[in-house]
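Here's the structure, in structure tokens; my notes come after.
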Amino acid sequence: MSGFRTGVNPPLGQIPQGILVGVGSLAVIAAGFVASAFPPADVVPRYGVLVLVVLAFAAATAGWTAPLLTAVIGFLVFDGFLVNTLGQLTWHGTPDGLRLIALGTAVIAGRLVGDLIHGPGRERPPMATSHSPIEEDEHDA
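11 is the number of the first residue of the sequence shown in the numbering used here; add one for each residue after it.
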């Protein structure tokens, strides 16, 4: 049995999801700066900026992992720096629940838009196999 893992790297031309999470985090931080230009009383437009950025990011990526993690990071940035101050996280009940639903909807809508734009022919990562090439050679012999 080989000690090497197979099926871990993305296919040629696809960006790893970890890199995309970093890019999404930067986009969320930029959205936070843009949203902070709105007065604190205008909560809906402030959150709308974040939701639109998450939707656009989800449409531009090929997987679910990076957009979902970006949405979670976006919620934390919004709650910590735009609702509260200095990064303090608190739960505000129904308003925060609705904000999470809005971000989840943005991720789903963004992925649907991305699939419609890029079509069903977009390459998907290959499934990882549970056996190694060495095992195949042993079975062939």
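Idealized CB from N, CA, C, for every residue including glycine. Quick caveat: nothing in here was measured; it's all calculated off a predicted structure.
Test item: CB-CB of Ala77 and Arg109 under 8 Å: According to the sequence shown, residue 77 is Pro rather than Ala. With respect to Arg109, Pro77 sits apart: the two C-beta atoms are not nearer than 8 Å.
What residue range is occupied by the uninterrupted alpha helix (DSSP H) comprising Ser46? No alpha helix (DSSP H) holds Ser46; DSSP gives it neither H nor E.
Test item: CB-CB of Val63 and Ala37 under 8 Å: With contacts defined as CB atoms closer than 8 Å, Val63 and Ala37 qualify as a contacting pair.
For Phe88, is the classification buried or exposed, using 16 other Cβ atoms within 10 angstroms of its Cβ as the cut-off for buried? It is buried - the Cβ of Phe88 has at least 16 other Cβ atoms within 10 Å.
Less than 6 Å between C-beta atoms, sequence neighbours within five positions excluded: which residues of the same chain meet that for Leu99? Only Asp89, Gly90 meet the Cβ criterion.
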